[in-house]
Structure formats: structure tokens, C-alpha cells
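Structure first, then comments.
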Amino acid sequence: MTARILLVEDEELNRVLVRAVLARADDPGVRDARLVEAGTLAAARDVLQHPDQVDVVLLDMNLPDGSGLDLATELAAVAVDEKPKVIALTASVLPSDRAAALEAGCDGFLDKPYAAADLVTVIASHLPR
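All residue numbers for the sequence shown refer to the UniProt record's numbering, where the first residue is 1 and numbers rise by one.
Okay, here's the thing in C-alpha cells:
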């Protein structure tokens, strides 16, 4: 089964970077994953009408129409067997930011800028095998 990743990121350059990292990943599960992109919370919510169709959400915390924490909180309420894993991607690197993301329901946290290998590792650790 091909993994499905939702990238919620408003900055085009960051989306290009993630696409390139995934395409070059050593891990075949990450490299072969189907990537869907959303530039806003509204677009992400549209994709997540059926949360069981997404395995991992890469979630920027600062989006033009709100905070990624709101989406993480919404997804935390989804049934466990349907809930995708949520990885916060953020330039906010204070310990309180990490704690807030985890408290909101994120399963992982990666601060920007991140190394490509770190992104692949965190995604691979949350993909279904």
C-alpha cells in the first residue's frame, strides 16, 4: 500500500523543498508516498473530509487562515484507527511551542530549518508498515 502524506504549508519554497526531499528519500515508503498539498487550513480540511485516507500530515503551525494547532486539535478528536499521524513543522522552536503542539495532538515535531534526513526519519517513523 502506498502511503499518503498531506503537506499543509503556505510557502511555495517550503513545499518545493519537501517534494524534493521525498523524491530523493532513501526510505522507499517515504519516496513512493503520494503527496497531497494544501496551502491553507481550509484546503487541508477539505482533504481531511475523510481522515482515514491520509497516513501522515506534515503541518505548518503558522498559516494564512489560522494556526495549525487548531487542525491538530480537530484531528485529535478523530477515532484512533482513522486518525492520521500529525507532524508539526514550524520555525517556532521554543520549548513551549513544542509542548503546545504535542498537547494539541501532534505526534511529532520538527523545527525549521530541518535537515532532509531528519524529515525523512520522522515521516518514516510514523508511516504504517
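Note that CB positions come from ideal geometry on N, CA and C, so glycine has one too.
- According to the DSSP assignment, G68 belongs to the alpha helix (DSSP H) that extends over G68 to A76.
- Annotation: V80 is outside any beta strand (DSSP E) and is labelled neither H nor E by DSSP.
- Excluding sequence positions up to five before and after L59, its CB lies within less than 6 Å of the CB of V8, G68, V86 and A88, all in the same chain and listed in chain order.
- DSSP places V57 in the strand class (E or B) of the three-state scheme.
- Of the residues assessed, M1 falls on the exposed side of the cut-off, its CB having fewer than 16 other CB atoms within 10 angstroms.
- Between the stretch 41 to 55 and the stretch 16 to 31 there are fewer than three C-beta pairs closer than 8 Å, too few to call the two in contact.
- L63 has its alpha-carbon roughly 19 Å from the corresponding atom of S96.
- Straight-line measurement puts the Cα of I123 at about 13 Å from the Cα of Y114.
- D97: member of the alpha helix (DSSP H) spanning P95 to A104, first to last residue.
- In its chain, beyond the 5 residues on either side, T40, L41 and A42 have a beta carbon closer than 7 Å to the beta carbon of D65.
- The beta carbons of A33 and I5 sit closer together than 7 Å.
- Here the C-alpha atom of E103 lies approximately 9 Å from the C-alpha atom of A72.
- In chain order, V56, K85, I87, D107 and G108 place their CB closer than 7 Å to the CB of H126, counting only its own chain and leaving out the 5 sequence neighbours on each side.
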